[in-house]
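Residue numbers (the numbering used here): 43 to 473.
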Amino acid sequence: MSEEEGEEVGDPLFADQDPIFARKELLHVGHVPEENRIVGRDEEIQSVADEIGAIVRGDPPNNVMIYGKTGTGKSLVSRHVASRAQNAAEANGIACGVVYVDCSEADTETRATRKLAMELKRATEYEREIPTRGVGTMEYYRHVWRILDDHYDALVVILDEIDKLTNSNILMQLSRAREANKTGSYIGVVGISNKIQYRESLDERIDSSFGHRELFFHPYDADQLREIMRNREDAFQRGVLASGTIQLCAALAAKKHGDARKAIDILKEAGELARRNDDGTVTKEHIRQAQDIAEINRVEELTSGGTIHAKLALYALSSLVIVGEDGTHSTRQIYERYEQMCGVAGFEPVTENGLYKQLKEQAFLGVIESNKTGGGRSQGSYLLHRLVTDPRHIVKAVRRDASLDDLPTVEELSSMEGTRNGSQSTLGTNR
Ligand SMILES: Nc1ncnc2c1ncn2[C@@H]1O[C@H](COP(=O)(O)OP(=O)(O)OP(=O)(O)O)[C@@H](O)[C@H]1O
Ligand SMILES: [Mg+2]
């Protein structure tokens with residue numbers, strides 16, 4: 043369904059069923075754009091290719107860990123390079139498998155190896171049954187080694203959202219497999235994470251057998267975001283996008299951090315708003331409203347993998363901002379508010395250092411920004427945190443967690459003492 047030719051926008055019989063979207067799937071996160079539509083990632087594509095590329099010549103590849111904020115194209119680039127490596131290897135007579143494992147779904151070693159075995163079976167003529175339950179991790183590994191030996195010279199395993207894995211044994215198993223005579227195939231692992239804490243803890247999790255390079259993907263700028271969205275304009279019926287909408291959308295997404303997923307989400311959400319309101323065109327106003335909805339969704343998504351304390355930390359900072367203490371806040375100030383909020387929600391607070399780690403993670407994800415005070419090396423310098431996200435969106439997203447819905451709402455916070463000029467008028471959509 044994804045490949046259509048030229049300018050066609052689908053069967054005219056169904057064309058007027060959706061006045062807004064023509065090919066909505068182009069706005070889906072999992073959509074992999076064609077090669078010439080991957081914007082501004084040539085260097086990253088080359089770097090990933092340099093690490094795993096030896097496979098194409100029948101040599102052992104490097105493992106690689108890719109880090110970067112959300113929506114910077116990590117998943118996209120990895121899949122893209124892996125599939126090109128597979129084709130290039132095949133052209134050289136080398137049988138190369140590619141398996142993509144989303145560790146946010148397959149979050150234990152057993153689930154991840156099961157997924158690996160199942161995907162390999164699906165791609166080959168492997169005749170044995172692989173039980174989906176009742177067997178241990180080792181059994182799945184055995185299937186994997188057998189399939190590799192029967193069908194492949196090499197394998198690329200993409201472990202996306204690798205920080206969600208409860209342990210990192212799979213990295214050692216895969217990297218030692220050849221040495222340990224489990225299989226004769228070369229295996230290259232591409233690990234992906236948007237958690238900087240994971241990088242810091244990786245050395246404790248693994249031993250030296252998982253040698254790997256590190257790559258960092260940087261956020262997009264407004265021009266690149268604009269081009270990414272232009273390339274997906276065909277998602278909409280012709281003439282539906284009012285002029286300047288993509289521009290605005292790119293500018294809004296670039297202002298936070300250059301998150302392509304966010305940009306595409308805003309565009310999709312704006313189209314849906316227009317459709318729901320029976321508006322014939324998607325306007326800048328739709329984009330602005332969609333930005334709010336997309337941001338709440340995004341904060342929820344970003345914090346959903348984190349602990350309850352990450353949410354409470356964000357909530358504490360947001361509530362400080364909403365009740366009128368705009369600007370930056372020290373870890374201490376946030377901690378005091380956080381302790382109060384733990385009381386309200388009925389959770390035992392973590393230590394101040396624990397809270398500091400949560401804040402650091404959020405800073406990496408781009409929800410907040412943390413900077414040292416000017417004290418330089420003197421002992422007096424400490425961290426100040428500032429929200430990059432609308433505090434009302436954070437409060438709404440955090441309160442969606444059923445165990446935190448006792449926390450005060452935006453309205454309740456706004457009516458507390460010290461409120462600055464009430465809340466702004468665009469609170470709108472109650473999602
Ligand atoms: N350079 C690009 N050109 C075209 N589309 C892109 C580009 N980068 C990202 N996208 C699109 O933006 C969305 C998000 O990209 P992707 O999923 O690769 O981000 P990510 O870095 O893996 O983010 P996360 O850490 O949140 O998983 C996808 O729909 C992807 O197709
Ligand atoms: Mg991803």
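All C-beta atoms in this analysis are idealised placements derived from N, C-alpha and C, irrespective of residue type, glycine included.
Within the same chain, Cβ atoms closer than 7 Å to the Cβ of Leu309 are found at Leu69, Met271 and Cys291, the five residues on either side in sequence being excluded. Contact holds between the stretch 428–446 and the stretch 352–360, because three or more Cβ pairs, one in each stretch, are under 8 Å apart. Under the three-state reduction of DSSP output, Tyr168 falls in the coil class, being neither helix nor strand. Around Ala439, the same chain offers Ile338, Val341, Glu342 and Thr345 as residues with beta carbons nearer than 7 Å, after the five sequence neighbours per side are excluded.
Within its own chain, the residues whose Cβ lies closer than 7 Å to the Cβ of Ser210, once the five positions on either side in sequence are excluded, are Arg247 and Ile248, listed in chain order. Met160 is the residue among Tyr357, Asp276 and Met160 whose C-alpha sits nearest the C-alpha of Arg170. The way I'd put it, the stretch 310–323 doesn't touch the stretch 292–302; fewer than three beta-carbon pairs between them come closer than 8 Å. Of the candidates Ala137, Glu181 and Ala130, the residue whose Cα lies closest to the Cα of Glu151 is Glu181.
For Phe63, the distance from the CB to the nearest heavy atom of ligand 1 is not below 8 Å. Around Ala264, the same chain offers Ala292, Ala293 and Ala296 as residues with beta carbons nearer than 7 Å, after the five sequence neighbours per side are excluded. Secondary structure note for Gly176: it is in no alpha helix (DSSP H), with a DSSP letter that is neither H nor E.
At least 9 Å separates the beta-carbon of Phe258 from that of Val119. Glu203 has its Cβ nearer than 8 Å to a heavy atom of ligand 1.
In the DSSP assignment, the residues bridged to Tyr228 are Ala196.
Relative to ligand 2, the beta carbon of Lys116 is positioned inside 8 Å of a heavy atom. The nearest non-hydrogen atom of ligand 2 is 8 Å or more from the C-beta of Ile97. Taking non-hydrogen atoms of ligand 2 into account, the C-beta of Ile234 is found less than 8 Å away from one of them. Boundaries for Met214: no beta strand (DSSP E) harbours it, while the alpha helix (DSSP H) harbouring it runs Asn211 to Arg218, taken from the DSSP string. Taken from the Cβ of Gln404, every heavy atom of ligand 1 lies 8 Å or farther away. Within the stretch 296–329, the runs of alpha helix (DSSP H) that reach at least 4 residues and sit entirely inside it are, in chain order, 302–318. For Arg255, the enclosing beta strand (DSSP E) stretches over residues His254 to Phe259. Contact check between the stretch 190–205 and the stretch 227–234: three or more CB pairs, one atom from each, fall below 8 Å, which counts as touching.
Contact between the stretch 120–131 and the stretch 271–282 is absent: fewer than three C-beta pairs spanning the two stretches fall below 8 Å.
Distances between the C-beta of Pro433 and the heavy atoms of ligand 1 are all 8 Å or more.
Sorting Ala96, Gly82, Lys237 and Ala127 by C-alpha distance to the C-alpha of Lys111 places Lys237 at the top. Met458 carries a coil assignment under DSSP once its states are collapsed to helix, strand and coil. The shortest CA-to-CA distance from Gly115 to any of Val98, Asp84, Lys298 and Asn104 is the one to Asp84. Counting only the Cα atoms, Tyr377 lies some 9 Å from Asn395. Distance check between Cys138 and each of Val177, Arg184, Asp191 and Tyr109 places Asp191 closest, using alpha-carbon atoms only. With 16 or more other Cβ atoms from the protein chains shown falling within 10 Å of its own Cβ, Gln266 counts as buried. With a cutoff of 8 Å, Thr174 does not count as near ligand 2, since its C-beta is closer than that to no heavy atom of the ligand. The continuous beta strand (DSSP E) containing Asp144 extends over residues Cys138 to Asp144. Residue Lys414 holds the alpha-carbon nearest to the alpha-carbon of His371 among Ala336, Lys414, Pro391 and Gly408. Placement of the Cβ of Ala292 at a distance of 8 Å or more from every heavy atom of ligand 1 is found. For Val341, the CB stays at least 8 Å from every heavy atom of ligand 1. When secondary structure is reduced to three states using DSSP, Val282 falls in the coil class, being assigned neither helix nor strand.
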